[in-house]
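Trainee:
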Amino acid sequence: MKVPNHIAIIMDGNGRWARSRGLPRTAGHKAGVENVKKIVRASKKQGIKVLTIFAFSTENWNRPRDEVNLLFSYLESFLEGYRTELIEEDIRLKVIGRRDRIALRIVRKIEEIETITHANKSFTFIIALDYGGRWDIVEAVKKMTGEDTVKATADISEVSLARFLSLGEFPDPDLLIRTSGEQRISNFLLWNLAYSEFYFPNVHWPDFSDAELAKAIALYGERERRFGAV
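For the sequence shown, our numbering assigns the number 37 to the initial residue and increments by one for each residue that follows.
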C-alpha cells in the first residue's frame, strides 16, 4: 500500500466534541491533547516519517484569554511529559512558528527538547505553534533577501524560497487531514500544501483514532497524484 511520507493535520473539533457531551470546552482541549500522542505512535507504526500538527495559529490569540492560557498550560505539561518517550522512541521534535509572543519558560522548554531530540532519525514530529502560512512566506522572503535586496530579488525562485520556509528541510506534506468535517486550510502551510491530497473526515479530533488514521492512509493510497500533469 502506498503510504504518505509526510502527513499534516489540522486538529479541529475539540469544542464541538465537548459540547456534544455536555462538557466545557476545556474538556475538549484536554482530550485533544491526550489524543496527540496516540496519533504520533500510530503514524510511526504506519510507516509515516513526518507528522505536522496545527496546534495554535497566529489568529488563535483572538480567543478568550483564559482559553489561550489554558491551551499553553496544556502544551507545557504535554512537552514535559513527552520528553522521555521522544528520546526512547527515537522521535525528533521540531516546533515551527513565532516564538516572540510565547512565555519564555515555554520557549526554553521547546528549545531544550528540540536540542536533545535533534539527532533522532526514526520519526519527526512537528508542532506548528503561533503559526500562520502568510507569516511563514513573509518571513522566508525577509530571510532570503537579507540586506542585499537587489541581488536576492534577482535570485528568487520557487526552489530557493522554499528553503527558507519553516518546513524548508522537510518534504511537503503528501496528505492534509482536517478533522471535524470542515473543508478549509485556515492559513496553514499555504506554500507547502500546493500539491497535497486533502481529506476531511467528519470526526472530531478527540475521536480521531488509529483506525481513522489507517482509513485516511488507505484512501490516500487509492488516489493518483498528478502534480499538474495529465
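Glycine included, each C-beta is placed from N, C-alpha and C at the ideal position.
#1: Could you check if residue 97 is buried or exposed, using at least 16 other CB atoms within 10 Å of its CB as the buried criterion?
#2: Please list the terminal residues of the continuous alpha helix (DSSP H) segment that includes residue 112.
#3: Which one or two residues does DSSP pair with residue 141 in a beta bridge?
#4: For the pair the region 96-113 and the region 210-217, tell me if three or more CB-CB distances fall below 8 angstroms.
#5: Closest to residue 52 by CA distance: which of 177, 148 and 218 is it?
#6: Take residue 237 as the anchor and find which of 245, 92 and 63 has the nearest alpha-carbon.
#7: Can you give me the C-alpha to C-alpha distance between residue 135 and residue 141, rounded to a whole angstrom?
#8: Output the residue ranges of the beta strand (DSSP E) runs that lie fully inside the region 201-231 and measure 3 residues or longer, sorted by chain position.
#9: Quick check: the region 50-64 against the region 248-259, are there 3 or more CB pairs under 8 angstroms?
#10: Round the Cβ separation of residue 195 and residue 165 to the nearest angstrom and send it over; I've been treating them as touching at under 8 angstroms.
#11: What does DSSP give as the partner residue(s) for residue 130 in the beta ladder?
#12: Which residues does DSSP list as the beta-bridge partners of residue 43?
#13: Which of the three DSSP states, helix, strand or coil, is assigned to residue 306?
#14: DSSP three-state label for residue 233, please.
#15: Which term fits residue 79, buried or exposed, when burial requires 16 or more other beta carbons within 10 angstroms of its beta carbon?
#16: Tell me the rounded alpha-carbon separation between residue 75 and residue 66.
#17: Can you tell me where the alpha helix (DSSP H) with residue 94 in it begins and where it stops?
#18: Give me, in chain order, the residues of the same chain whose beta-carbon lies closer than 7 angstroms to that of residue 119; leave out the 5 immediate sequence neighbours on both sides.
#19: For residue 73 and residue 112, which I take to be in contact (beta-carbon distance under 8 angstroms), what is that distance rounded to the nearest angstrom?
#20: Quick one: what's got a C-beta closer than 8 angstroms to residue 70's C-beta in the same chain, skipping five residues either side?
#21: Using 10 angstroms around the beta-carbon of residue 263, count the other beta-carbons present and answer buried if the total reaches 16, otherwise exposed.
#22: What residue does the alpha helix (DSSP H) around residue 196 start on, and which one ends it?
Mentor: Considering the structure as presented:
#1: Here residue 97 corresponds to residue number 61 of the sequence shown, with the count starting at 1. By the neighbour-count rule (16 or more Cβ atoms within 10 Å), residue 97 is not buried but exposed.
#2: Walking along the sequence shown from the start, residue 112 turns up at place 76. Element bounds for residue 112: 101-124.
#3: Counted from its first residue, the sequence shown places residue 141 at position 105. Looking at the DSSP assignment, residue 141 forms no beta bridge with any residue, so it has no partner.
#4: no
#5: As a working mapping, residue 52 is identified with position 16 in the sequence shown. When the alpha-carbon of residue 52 is set against those of 177, 148 and 218, the nearest one is in 218.
#6: Residue numbering aside, residue 237 sits at position 201 when the sequence shown is read from its first letter. Closest by alpha carbon: 245.
#7: Here residue 135 is taken as the residue at index 99 of the sequence shown, counted from 1. Here residue 141 is taken as the residue at index 105 of the sequence shown, counted from 1. Roughly 11 angstroms between the two C-alpha positions.
#8: 211-214
#9: No, the region 50-64 is not in contact with the region 248-259.
#10: Along the sequence shown, one-based indexing puts residue 195 at 159. Along the sequence shown, one-based indexing puts residue 165 at 129. Not confirmed; about 27 angstroms, so no contact.
#11: On the sequence shown, residue 130 is found 94 positions in, with the first residue counted as 1. According to DSSP, residue 130 bridges with 162.
#12: Here residue 43 is taken as the residue at index 7 of the sequence shown, counted from 1. In the DSSP output, where bridge partners are listed per residue, residue 43 has 87 and 211.
#13: Residue 306 is absent from the model: the chain starts at 37 and stops at 266.
#14: Reading the sequence shown from its first residue, position 197 is the one you call residue 233. Here residue 233 sits in strand by DSSP.
#15: Within the sequence shown, residue 79 is the residue found at index 43, counting from 1. Counting Cβ neighbours within 10 Å, residue 79 comes out buried, since at least 16 surround it.
#16: Against the sequence shown, residue 75 aligns to sequence position 39. Against the sequence shown, residue 66 aligns to sequence position 30. Between residue 75 and residue 66, the C-alpha separation is close to 15 angstroms.
#17: Residue mapping note: residue 94 aligns to position 58 of the sequence shown, counting from 1. Per DSSP, residue 94 belongs to no alpha helix (DSSP H) and is neither H nor E.
#18: Counting from one through the sequence shown, the residue named residue 119 turns up at place 83. Taken in chain order, the residues that qualify are 149.
#19: Position 37 of the sequence shown, counting from 1, holds the residue named residue 73. Position 76 of the sequence shown, counting from 1, holds the residue named residue 112. About 15 angstroms; that fails the 8 angstroms criterion.
#20: Position 34 of the sequence shown holds residue 70. Closer than 8 angstroms at Cβ, skipping near neighbours: 242.
#21: For the purposes of this step, residue 263 is taken as residue 227 along the sequence shown, with counting starting at 1. Looking at its Cβ environment, which holds fewer than 16 other Cβ atoms inside 10 Å, residue 263 is exposed.
#22: Sequence index remark: in the sequence shown, residue 196 carries index 160 (1-based). Residue 196 -> alpha helix (DSSP H) spans 194-198.
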